[in-house]
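Visitor: Before anything else, here's the structure in question.
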Amino acid sequence: MKRPGLDWGAVSLRARRVLDALDWQALGEIYFHWGGEQFWRERLPNVITFGERLGRVLLPRLDRKGSSLWVGAGVAELPILLGEVLLHERAVVAANLRQRECDVLNAGLAAALPEVALRYVVGDARAVAEGETFDHLGCVSVFTDPETWPVLSDVAYGRVPPVQVDVERFVAEREQARTLAQGLFARLRRPGVITTSAEEVAWFLEQAAASGVAIEAGDDLVETAVVGDPVGFLAVG
Ligand SMILES: C[S@@+](CC[C@H](N)C(=O)[O-])C[C@H]1O[C@@H](n2cnc3c(N)ncnc32)[C@H](O)[C@@H]1O
0 MKRPGLDWGA VSLRARRVLD ALDWQALGEI YFHWGGEQFW RERLPNVITF GERLGRVLLP
60 RLDRKGSSLW VGAGVAELPI LLGEVLLHER AVVAANLRQR ECDVLNAGLA AALPEVALRY
120 VVGDARAVAE GETFDHLGCV SVFTDPETWP VLSDVAYGRV PPVQVDVERF VAEREQARTL
180 AQGLFARLRR PGVITTSAEE VAWFLEQAAA SGVAIEAGDD LVETAVVGDP VGFLAVG
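Printed below as a string of structure tokens:
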């Protein structure tokens with residue numbers, strides 16, 4: 000049973016309270032390469048709108064009281080994470096490699112919603128919550144992250160002409176990314192759901208083929224608030 004009186008409107012209201020409590024100067028410095036505080040100021044209204052839109056499509060696909068592992072979760076995922084916890088009583092592990100970003104997000108959550116059991120966890124999503132598996136994996140703009148995978152990101156978004164691709168670096172990044180996809184896929188129970196952007200789907204299709212597991216992409220695609228990549232859902236097993 001969800002908490003009485005709670006619906007997406009109430010979730011978005013709570014998400015707004017957390018966003019208002021965040022240290023935007025600090026977040027602006029973390030994302031300085033994207034234009035910092037100004038970048039966020041322009042996108043903030045979309046975080047709630049797009050987050051709720053994605054959450055409304057995602058939640059019916061997930062079991063109540065199940066569990067999610069979100070990789071590289073940040074500000075954009077906040078409304079969805081809250082929706083999972085508050086409306087579906089799901090356990091959510093939101094992993095991110097950046098200590099400072101997790102600290103800022105957790106400070107905002109603790110200030111605005113101390114009663115809600117949601118915190119970001121610093122660490123590699125393959126290793127956090129050791130020994131646990133999940134019925135849902137959320138992975139948005141991780142394999143296309145220009146900071147972690149500059150060459151893969153350029154290729155995925157068509158930003159580099161083929162003649163200029165640094166092939167050796169491309170192969171090295173692709174192997175690292177494959178290892179990450181393998182590690183993440185191993186944490187997903189069957190049947191399970193993967194939420195990911197259109198540009199990242201192929202990493203998981205490859206893992207499913209290698210393990211002989213059925214995988215099917217749903218028709219729904221939802222635009223995201225920050226990076227703008229459309230996000231969809233894969234049914235696994
Ligand atoms: C481009 S950001 C995406 C942020 C957010 N998902 C969004 O769509 O706005 C990529 C994030 O993935 C995180 N990341 C990369 N590899 C990771 C891993 N193995 N485990 C957890 N987080 C990871 C990075 O720390 C970074 O915060």
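Residue 202 in numbering that gives the first Met the number 0 is what sits at position 203 of the sequence shown, and the numbering runs on without skipping anything.
From the three backbone atoms N, C-alpha and C, an ideal C-beta is built for every residue, glycine too.
Tell me which same chain residues have a C-beta within less than 8 Å of the C-beta of residue 71, skipping the five on either side of it?
Guide: In the sequence shown, residue 71 corresponds to position 72, counting from 1. Excluding positions up to five away in sequence, the list reads 94, 95, 96, 124, 138, 139, 140, 141, 144.
Visitor: Assuming residue 92 contacts residue 127 under a Cβ cut-off of 8 Å, what Cβ separation, rounded to an integer in Å, is found between them?
Guide: Position 93 of the sequence shown, counted from the first residue, corresponds to residue 92. Position 128 of the sequence shown, counted from the first residue, corresponds to residue 127. About 6 Å; that satisfies the 8 Å criterion.
Visitor: Which one of 51, 188, 25, 157 has the shortest CA to CA distance from residue 12?
Guide: Taking the first residue of the sequence shown as position 1, residue 12 is located at position 13. When each option's Cα is compared against that of residue 12, the closest is 51.
Visitor: Helix, strand or coil for residue 82 per DSSP?
Guide: Along the sequence shown, one-based indexing puts residue 82 at 83. It is helical.
Visitor: Give every residue whose Cβ lies closer than 7 Å to any heavy atom of ligand 1, listed in chain order.
Guide: Spelled out in chain order, the answer is 70, 71, 72, 73, 74, 75, 76, 94, 95, 96, 97, 100, 122, 123, 124, 125, 139, 140, 141, 144, 146, 147, 179, 223, 225, 226.
Visitor: Please identify the residue among 114, 112, 129 whose C-alpha is closest to the C-alpha of residue 120.
Guide: Indexing the sequence shown from 1 puts residue 120 at position 121. Closest by alpha carbon: 129.
Visitor: Cα separation between residue 196 and residue 27?
Guide: In the sequence shown, counting from the first residue as 1, residue 196 sits at position 197. In the sequence shown, counting from the first residue as 1, residue 27 sits at position 28. Each residue's Cα considered, the two are about 24 Å apart.
Visitor: Can you tell me where the beta strand (DSSP E) holding residue 167 begins and where it ends?
Guide: One-based indexing of the sequence shown puts residue 167 at position 168. It is not in any beta strand (DSSP E) - residue 167 instead sits in the alpha helix (DSSP H) that spans 166-184.
Visitor: Do residue 200 and residue 169 have their C-beta atoms closer together than 9 Å?
Guide: Numbered from its first residue, the sequence shown carries residue 200 at position 201. Numbered from its first residue, the sequence shown carries residue 169 at position 170. The answer is no: Cβ separation not under 9 Å.
Visitor: For the structure I just gave you, are there three or more beta carbon pairs, one from the stretch 171-189 and one from the stretch 106-122, closer than 8 Å?
Guide: As far as the Cβ criterion goes, the stretch 171-189 does not touch the stretch 106-122, which means the pair count is below three.
Visitor: For residue 0, name the three-state secondary structure that DSSP assigns.
Guide: The sequence position of residue 0 within the sequence shown is 1, counting from 1. A caution first: residue 0 carries a pLDDT of 46, below 50, which makes its placement in the model too unreliable to give a value.
Visitor: What residues match up with residue 231 in a beta bridge as DSSP calls it?
Guide: Position 232 of the sequence shown holds residue 231. Residue 231 is bridged to 195.
Visitor: Which same chain residues end up closer than 7 Å to residue 212 when comparing Cβ atoms and leaving out the 5 residues on each side of it in sequence?
Guide: By one-based count along the sequence shown, residue 212 stands at place 213. Answer for residue 212: 189, 235, 236, listed in chain order.
Visitor: Could you give the first and the last residue of the continuous beta strand (DSSP E) run that contains residue 18?
Guide: Residue 18 sits at position 19 when you count from the first residue of the sequence shown. Looking at the DSSP string, residue 18 is not in any beta strand (DSSP E); the run it does join, the alpha helix (DSSP H), is 7-20.
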